[in-house]
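Asker: Numbering of the sequence shown is given in the numbering used here, commencing with residue 16 and proceeding in unit increments. A virtual CB, placed ideally from N, CA and C, is assigned to each residue, including glycine. Being a predicted model, the structure only gives us computed values, none of them experimental.
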Amino acid sequence: MEVVGQTLERALDPLASALKRAALKRADKESRQFAAAPAQPAAAATQAKGALPVSPLAVPFPKIPPIAGVELATGRAGFYKHDRQDLLVMRFAEGTSAAGVFTRHTVGSAPVDWCKRQLAATKGADVRALVVNAGCANSFTGRPGMDAVRRVASAVGKRFDCRQRDVMMASTGVIGVLLDDAKITARLAEVEHRLAEDNWAAAAHAIMTTDTFPKGAYAEAKIDGETVRIAGIAKGSGMIAPDMATMLAFVATDAAISPTALQTLASLYTRTTFNCVTVDGDRSTNDTLLLFATGQSSAPKISRAGDKRLADFREKLEGVLLDLALQLVRDGEGATKFVKINVTGAESPASARKIARTIAESPLVKTAFAGEDANWGRIVMAVGRADEPVNRDDLSIRFGPLVAAQDGMIAPTYNEAKMSAYMKNAELEVSVDVGVGRGSASVWTCDLTKQYVAINGDYRS
16 MEVVGQTLER ALDPLASALK RAALKRADKE SRQFAAAPAQ PAAAATQAKG ALPVSPLAVP
76 FPKIPPIAGV ELATGRAGFY KHDRQDLLVM RFAEGTSAAG VFTRHTVGSA PVDWCKRQLA
136 ATKGADVRAL VVNAGCANSF TGRPGMDAVR RVASAVGKRF DCRQRDVMMA STGVIGVLLD
196 DAKITARLAE VEHRLAEDNW AAAAHAIMTT DTFPKGAYAE AKIDGETVRI AGIAKGSGMI
256 APDMATMLAF VATDAAISPT ALQTLASLYT RTTFNCVTVD GDRSTNDTLL LFATGQSSAP
316 KISRAGDKRL ADFREKLEGV LLDLALQLVR DGEGATKFVK INVTGAESPA SARKIARTIA
376 ESPLVKTAFA GEDANWGRIV MAVGRADEPV NRDDLSIRFG PLVAAQDGMI APTYNEAKMS
436 AYMKNAELEV SVDVGVGRGS ASVWTCDLTK QYVAINGDYR S
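1. Please identify the residue among Val292, Lys381, Leu210 whose C-alpha is closest to the C-alpha of Gly84.
2. Taking DSSP as the reference, what is the three-state secondary structure of Pro53?
3. Go to Gln421, then tell me how far its alpha helix (DSSP H) extends in each direction, as first and last residue.
4. Nearest-angstrom Cα distance between Val116 and Thr279?
5. Can you give me the Cβ contacts of Tyr467 inside the same chain, cut-off strictly under 6 Å, excluding the 5 residues immediately before and after it?
6. From what residue to what residue does the beta strand (DSSP E) around Glu241 run?
7. Should Pro159 be labelled buried (16 or more other beta-carbon atoms within 10 Å of its own) or exposed?
8. Could you tell me whether the Cβ atoms of Leu87 and Leu305 are closer together than 8 Å?
9. How close, in whole Å, do the beta carbons of Ala234 and Ile245 come, if the pair is a contact with beta carbons under 8 Å?
10. Does Phe49 pass the burial test, meaning 16 or more other C-beta atoms within 10 Å, or should it be called exposed?
11. Measuring CA to CA, which of Val122, Gly472, Thr118, Gly423 is closest to Gly191?
12. So what does DSSP say about Ile190, is it helix, strand or coil?
13. Quick check: the segment 393-407 against the segment 445-452, are there 3 or more CB pairs under 8 Å?
14. DSSP three-state label for Asp448, please.
15. Does His208 get closer than 8 Å to chain C when you measure Cβ to Cβ?
16. Keeping to the same chain, check which residues put their C-beta closer than 6 Å to that of Cys177; ignore five residues upstream and five downstream.
17. What do you reckon, are the CB atoms on Phe353 and Ala441 nearer than 8 Å?
18. Which of the three DSSP states, helix, strand or coil, is assigned to Arg99?
19. Residues in the same chain with beta-carbon distance under 7 Å from Ala114, minus the five sequence neighbours each way, listed in chain order, please.
20. Would you kindly work out how many angstroms separate the C-alpha atoms of Met438 and Gln421, rounded to a whole number?
21. How many angstroms separate the CA atom of Ser80 from the CA atom of Met424?
22. Out of curiosity, what's the CA-to-CA distance linking Thr351 and Glu207?
23. Is it true that the CB of Val451 sits closer than 8 Å to the CB of Val405?
24. Quick check: what's the CA-CA separation for Glu212 versus Met434?
25. Using only CA atoms, which one of Val344, Asn153, Arg319, Ala270 lies nearest to Lys381?
26. In the DSSP assignment, what residue or residues form a beta bridge with Glu235?
27. For the beta strand (DSSP E) that contains Leu304, what are its first and last residues?
28. Whose C-alpha, out of Glu362, Asp408, Thr460, Asp338, is nearest the C-alpha of Phe384?
29. What are the boundary residues of the beta strand (DSSP E) that Gly360 is part of?
30. Using only CA atoms, which one of Ala401, Pro416, Ala426, Leu379 lies nearest to Asp408?
31. Can you tell me whether Lys96 is buried or exposed? The criterion is at least 16 other CB atoms within 10 Å of its CB, across all chains shown.
32. Under the rule that 16 or more other beta-carbon atoms within 10 Å means buried, what is Lys465, buried or exposed?
33. Return the CA-CA distance between Ala168 and Ala432, expressed in angstroms with no decimal places.
34. Starting from Val164, trace the beta strand (DSSP E) both ways and give me its first and last residue.
35. Can Gln100 and Gly93 be called in contact, C-beta distance under 8 Å?
36. How is Ile82 classed by DSSP in three states: helix, strand or coil?
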């Protein structure tokens with residue numbers, strides 16, 4: 016992944032290096048904006064039957080205006096026993112470009128295989144629809160699973176007057192359960208009738224599984240003086256780890272961007288957003304990020320990802336992706352703490368990311384967060400088992416502004432009472448300098464609580 020990322024960066028114009036250096040600063044800014052935003056969970060009355068209590072770290076769903084060339088509708092296909100929307104259909108204007116980044120999980124899923132195959136065949140040109148279901152992952156289902164996907168795409172293609180390969184597919188839910196495609200095709204007529212431009216909130220609700228709040232993000236950018244809109248939704252709560260994170264995310268813009276340029280942007284910014292969050296260290300078979308550009312704005316068409324006219328768009332797109340990624344952490348199954356892990360002084364950015372991820376995914380570290388224990392010894396343990404170069408005698412650790420360790424030992428100013436008080440915050444930041452170089456990285460995670468065990472112990476029942 017590191018080699019691919021470097022290749023993509025070289026493909027951009029000379030501004031790319033500066034953009035990369037600014038990525039962590041922008042990420043930090045976005046993180047702090049989140050920290051400042053008060054949690055406003057949806058009212059209990061809006062929670063569907065069978066839903067989990069809303070995360071205490073939840074943020075409100077943003078106001079998302081229509082994106083020209085995008086229509087959305089939801090329906091109930093019946094993949095859940097209780098009454099809830101579990102089907103999303105999106106229809107796009109003719110000529111819409113598409114790009115995707117998918118799980119590298121070696122098992123994969125039928126919808127992931129379908130999207131990868133069709134995007135390769137069409138080069139991402141003229142994608143017309145997206146169909147998403149919750150409640151059934153259609154993963155590890157062999158040829159029957161792929162046949163089910165093909166039948167849905169064929170039915171949607173006939174209804175929307177397009178080829179079946181112009182239809183993208185995504186599923187989320189229980190692994191090993193074959194998709195009952197008849198449940199989807201039977202609802203297409205009524206769902207098509209409800210297609211509208213302003214259904215983003217309903218769409219975000221429909222794709223939820225163990226999520227406790229819908230996730231959305233919106234931004235506006237300028238391309239050659241013209242305003243374009245970027246909107247996205249995502250789902251994800253558990254089985255989250257950086258391998259493009261475990262989730263579904265669908266982002267659309269009315270900008271006119273070629274499929275090749277769109278793919279470069281999707282691949283590049285996945286590295287600094289979805290690949291920088293982790294809830295439990297487990298990767299899914301269904302990870303999917305799909306990015307659509309309808310070309311319905313008045314902005315000129317852009318063919319190169321490095322085009323200087325895309326500078327503002329690139330920054331805003333990365334912001335939308337990061338916004339969605341951080342919401343996944345805020346909705347981590349059973350989470351009560353939102354934690355940012357910073358690693359500096361590493362041999363390289365890749366080394367820093369590995370160390371940060373090892374800290375963020377350590378059950379011992381995460382349970383210490385849950386217990387509001389500033390156990391810096393567990394941080395030291397995680398740093399060492401990352402198997403990356405570190406200078407033990409220069410190692411330092413901070414919890415927020417408080418120094419826990421420095422010069423390879425407990426800090427002389429360490430104050431247990433102040434540390435304990437800091438750990439009661441819902442938003443935590445841990446910074447580690449490993450003292451060997453200039454590489455740095457940040458990873459966002461959450462704590463590990465008894466509720467995580469309860470949720471996953473009862474998942475299928």
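Answerer: So, from the listed chains and residues:
1. Leu210
2. At Pro53, the pLDDT of 36 sits below 50, so the modelled position is not reliable and the matter cannot be decided from this model.
3. Segment 417-421 is the beta strand (DSSP E) holding Gln421; no alpha helix (DSSP H) there.
4. 10 Å
5. Glu348, Gly349
6. 241-250
7. exposed
8. no
9. 5 Å
10. In this predicted model, Phe49 has a pLDDT of only 36, less than 50, meaning its place in the structure is not dependable enough to derive any value.
11. Val122
12. coil
13. yes
14. strand
15. Looking at the structure shown, chain C is missing, and only one protein chain is on hand.
16. Arg143
17. yes
18. coil
19. Gly139, Pro274, Leu277, Gln278, Ala281, Leu306
20. 19 Å
21. Before going further, note that residue 80 is Pro rather than Ser in the sequence given. C-alpha separation (whole angstroms): 53 Å.
22. 39 Å
23. yes
24. 49 Å
25. Val344
26. Arg244
27. 303-308
28. Thr460
29. 353-361
30. Ala426
31. exposed
32. exposed
33. 60 Å
34. Here Val164 belongs to no beta strand (DSSP E); instead the alpha helix (DSSP H) covers 157-175.
35. no
36. coil
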